[in-house]
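Novice:
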């Protein structure tokens, strides 16, 4: 009775009762076959009706219940989920995919082979929604694909690779698809979803041997110029270097590292007209930030994949980039002082200009959080300068770095910060 969709009570207590009832029936449905006593069909109608509720809590509880109940009674609930997804109801897509994700997640923990028998039926609606304009929907599709790939890599990895290959034609010379180019737009969305799916599968510990057989296809997305696809490809590679370096080790030298060098030098600047003033935006900042994160991870997990002499100019340039990139570069330099000291000695002079530029930043009218953030930024640059200066050989063989350190130490405004850093 508490689940009766005809009920009109919308007060808090009633909603909480309905929400609890949804969750409980979902959990019961996961453990027992609700179709045995005929309640599955009625519950199916109730769950789907709750998707139209004005309460977000009820909607998500209904999605949870639908997905869980599908584990115990797949013959009733899976066709309903798939059929409703085919109706293309924009308001319900996310919730239906959420239910599908619950079903996949719970099936993975179940001893039955339910998922295998329904795999082909599930893939069809997921492929259909790969190019959805709503990122939330595509992310949910990617989560489903990622989980399915972990459970059935021998089936899903070839499917994802084929899906990517059939949507690889993307025209985006300046990083964005031209207005009216629907084919490129759709292909970019599909490739984004594929890359995100593989990233999530890697994080979910997909079979690394089977992944390696298809990794060259997925990594080729680094060569796409569309911004969304490229950042998704970079995040995929980052996930691989972090969780499964063995899956990409053979692709680093010829494919991944050259692409990272290209991205590290990329700038996509545009001017945004804000009425009384104009603002310059560099759309490539997230790409350069992701590339630097991959370099950083490679120094830990795949040090042999990097030509350190070639990497040092990239690192020096990052020291003068946007704030977030600079701060990450600071951490990398400090780490390298302990592990790759000889390269730091050779590159020390190239660090001078970007570090000095950061140290000369003026506080202006900044107050509160803004001022605190700037001071932390400057302090981080000072920490790098001091750490590099302590590397054996820097102060004796470098030409410019000793002079730079002398200037810093003679600046009265840095005295308190330097004293605090010395005490660390």
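Residue numbers (my numbering): -18 to 405.
Every residue gets a Cβ at the ideal spot worked out from N, C-alpha and C, and that includes glycine.
What are the start and end residues of each continuous alpha helix (DSSP H) run of 4 or more residues lying completely inside the stretch 294 to 328, in chain order?
Specialist: Runs found: 304 to 320.
Novice: Which parts of the stretch 139 to 186 are runs of the alpha helix (DSSP H), unbroken and 4 residues or longer, counting only runs that do not cross its ends?
Specialist: 163 to 184, all fully within the stretch 139 to 186.
Novice: Reducing DSSP to helix, strand and coil, say where residue 200 ends up.
Specialist: Here residue 200 is taken as the residue at index 219 of the chain shown, counted from 1. Here residue 200 sits in helix by DSSP.
Novice: By DSSP, does residue 99 sit in helix, in strand, or in coil?
Specialist: Taking the first residue of the chain shown as 1, we reach residue 99 at position 118. Looking at residue 99 - three-state DSSP - the assignment turns out to be helix.
Novice: Tell me which same chain residues have a C-beta within less than 7 Å of the C-beta of residue 188, skipping the five on either side of it?
Specialist: Here residue 188 corresponds to residue number 207 of the chain shown, with the count starting at 1. Here the set comprises 134.
Novice: Closer than 6 Å by C-beta to residue 295: which residues in its own chain qualify, once you throw out the five before and the five after it? Chain order, please.
Specialist: Here residue 295 refers to the residue found at position 314 of the chain shown. So the list reads 245, once near-sequence residues are dropped.
Novice: Measure the alpha-carbon distance for residue 177 versus residue 125 and round it to whole angstroms.
Specialist: Here residue 177 corresponds to residue number 196 of the chain shown, with the count starting at 1. Here residue 125 corresponds to residue number 144 of the chain shown, with the count starting at 1. If you take the alpha carbons of residue 177 and residue 125, they lie about 11 Å apart.
Novice: So if DSSP puts residue 260 in a beta bridge, which residue, or which two residues, is it bridged to?
Specialist: Against the chain shown, residue 260 aligns to sequence position 279. In DSSP, residue 260 forms a bridge with 253.
Novice: Checking 8 Å against the spacing of the C-beta atoms, do residue 153 and residue 169 come in under that value?
Specialist: Locating residue 153 in the chain shown gives position 172, where the first residue counts as 1. Locating residue 169 in the chain shown gives position 188, where the first residue counts as 1. In contact: residue 153 and residue 169 (Cβ atoms closer than 8 Å).
Novice: Going by DSSP, what residue range makes up the alpha helix (DSSP H) through residue 82?
Specialist: Translated into positions along the chain shown, residue 82 becomes position 101. First-last of the alpha helix (DSSP H) with residue 82: 71 to 90.
Novice: Taking all protein chains shown into account, decide if residue 0 is buried (16 or more other Cβ within 10 angstroms of its Cβ) or exposed.
Specialist: Looking up residue 0 in the chain shown gives position 19. Counting Cβ neighbours within 10 Å, residue 0 comes out buried, since at least 16 surround it.
Novice: Considering only residues of the same chain and omitting the five flanking positions on each side of residue 363, which have a CB-CB separation below 8 Å?
Specialist: Here residue 363 is taken as the residue at index 382 of the chain shown, counted from 1. Here the set comprises 340, 389, 395, 398, 399 and 402.
Novice: With DSSP run on the structure shown, which of helix, strand or coil describes residue 68?
Specialist: Here the question's residue 68 lines up with position 87 in the chain shown. In this structure, residue 68 counts as coil in the three-state DSSP scheme.
Novice: Do you know whose CA, among 31, 330, 210 and 359, lies nearest residue 380's CA?
Specialist: If you number the chain shown from 1, residue 380 lands on position 399. Measuring from the Cα of residue 380, the nearest candidate turns out to be 330.
Novice: Cα separation between residue 290 and residue 191?
Specialist: As a first step, residue 290 is located in the chain shown; it is residue number 309 there, counting from the start. As a first step, residue 191 is located in the chain shown; it is residue number 210 there, counting from the start. About 34 Å.
Novice: Quick test of your reading: residue 415 and residue 272, contact by CB under 8 Å. State the CB separation rounded to the nearest angstrom.
Specialist: Beyond the ends of the chain as shown, which are -18 and 405, falls residue 415; an answer cannot be given.
Novice: Over the uninterrupted alpha helix (DSSP H) stretch that includes residue 41, give me the two end residues.
Specialist: Locating residue 41 in the chain shown gives position 60, counting from the first residue. 37 to 53 is the span of the alpha helix (DSSP H), which, as asked, contains residue 41.
Novice: Excluding five sequence neighbours on each side, which residues of the same chain lie with their C-beta closer than 6 Å to the C-beta of residue 385?
Specialist: Counting from one through the chain shown, the residue named residue 385 turns up at place 404. The residues are 333.
Novice: Rounded to whole angstroms, how far is the Cβ of residue 322 from the Cβ of residue 372, which I believe are closer than 8 Å?
Specialist: Mapped onto the chain shown, residue 322 falls at position 341. Mapped onto the chain shown, residue 372 falls at position 391. Correct: roughly 5 Å between the Cβ atoms.
Novice: Looking at the unbroken alpha helix (DSSP H) that takes in residue 344, where does it start and where does it end?
Specialist: Translated into positions along the chain shown, residue 344 becomes position 363. Where residue 344 is concerned, there is no enclosing alpha helix (DSSP H), given that its DSSP letter is neither H nor E.
Novice: Of the residues 46, 66, 39 and 75, which one's Cα is nearest the Cα of residue 24?
Specialist: To locate residue 24, count along the chain shown from 1; it is residue 43. Per the Cα distances, 46.
Novice: Tell me which residues share the same chain as residue -11 and place their Cβ nearer than 7 Å to its Cβ, disregarding the 5 neighbours each side in the sequence.
Specialist: Position 8 of the chain shown, counted from the first residue, corresponds to residue -11. Residue confidence for residue -11 is low, a pLDDT of 48 falling below 50, so the modelled location carries little weight; the figure read from the coordinates is stated next. If we look at residue -11 and ignore the five residues flanking it on each side, it has no Cβ neighbours.
Novice: Quick check on residue 186: buried or exposed, where buried means 16 or more other Cβ atoms within 10 Å of its Cβ?
Specialist: As a working note, residue 186 is residue 205 in the chain shown. So residue 186 counts as exposed.
Novice: Quick check: what's the CA-CA separation for residue 274 versus residue 197?
Specialist: By 1-based counting over the chain shown, the position of residue 274 is 293. By 1-based counting over the chain shown, the position of residue 197 is 216. Taking the straight line joining both Cα atoms gives about 20 Å.
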